[in-house]
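Here the sequence shown stands for residues 3 to 155, where the numbers follow my numbering. To start, the structure under review is shown below, and the notes come after it.
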Amino acid sequence: MALSFLGDRNISYFTIPLAVITSLYPRAYSAWRGPGKKYFDGSNPRTFAARLEKSELDKETIARLQRAESASSNGFEGLPLFAAAIVAGNTAGLSAKTLNTLSISYILSRVVYNWVYIFLAANRNLAPLRTPVWFVSLGTTLAFFIKAGLAKM
């Protein structure tokens, strides 16, 4: 079976650095590469959004770069809960298959979330897709805690 590796070894702790990278990628896209690079000030990064507003970039590009910044912030906001969920699942002794499935599902949902937020959110018909994708990432995180709690009952 193609997904048999999910039960072989516990890789869940390795997905925490992947979650950090997944959270950093939108920042790399918006501020460290491409059209936003010249407006990013590493000594004062929180001024990036204001600098973009004053730039000569077209409104569509500015909005896309700002959404990338928001996607990055959202990823970092959820990171502590995800890391705690990984620890809870491991401490409770959940199976490698469960830990791997949930942690990989979280990473994949964050990748999809970033893509939807950055590239589809400009379309008012597609922008609502962001919410269910976000709920998938939250749901996988909460599933860790629920399964850990049930395992310890």
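Cβ atoms here follow ideal geometry from the backbone N, Cα and C, with glycine treated the same way. Bear in mind that the values here come from a model prediction, so they are computed numbers and not experimental data.
Give a yes or no on whether the minimum CB-CB distance between residue i and chain D is below 8 Å.
i    : result
W136 : Here chain D cannot be found, since the structure has a single protein chain.
Quick check on the burial criterion: 16 or more other C-beta atoms within 10 angstroms. Buried or exposed for residue i?
i    : result
P28  : buried
V135 : buried
Y119 : buried
L152 : exposed
G77  : buried
I23  : exposed
Run through DSSP, which three-state label would residue i get?
i    : result
S107 : helix
S72  : helix
M3   : Any reading at M3 needs caution, since the residue's pLDDT is 48, under 50, leaving its predicted position unreliable; the model's value is listed next. In this structure, M3 counts as coil in the three-state DSSP scheme.
N125 : coil
Are the CB atoms of residue i and residue j nearer to each other than 8 Å?
i   : j   : result
A73 : N46 : no
F50 : E71 : yes
S25 : L81 : yes
Worksheet item: Counting Cβ pairs closer than 8 Å, one from the region 101-113 and one from the region 54-70, do we hit at least three?
Response: no
Practice prompt. Count the CB pairs spanning the region 131-149 and the region 31-43 that are closer than 8 Å, and state whether there are at least three.
Written response: no
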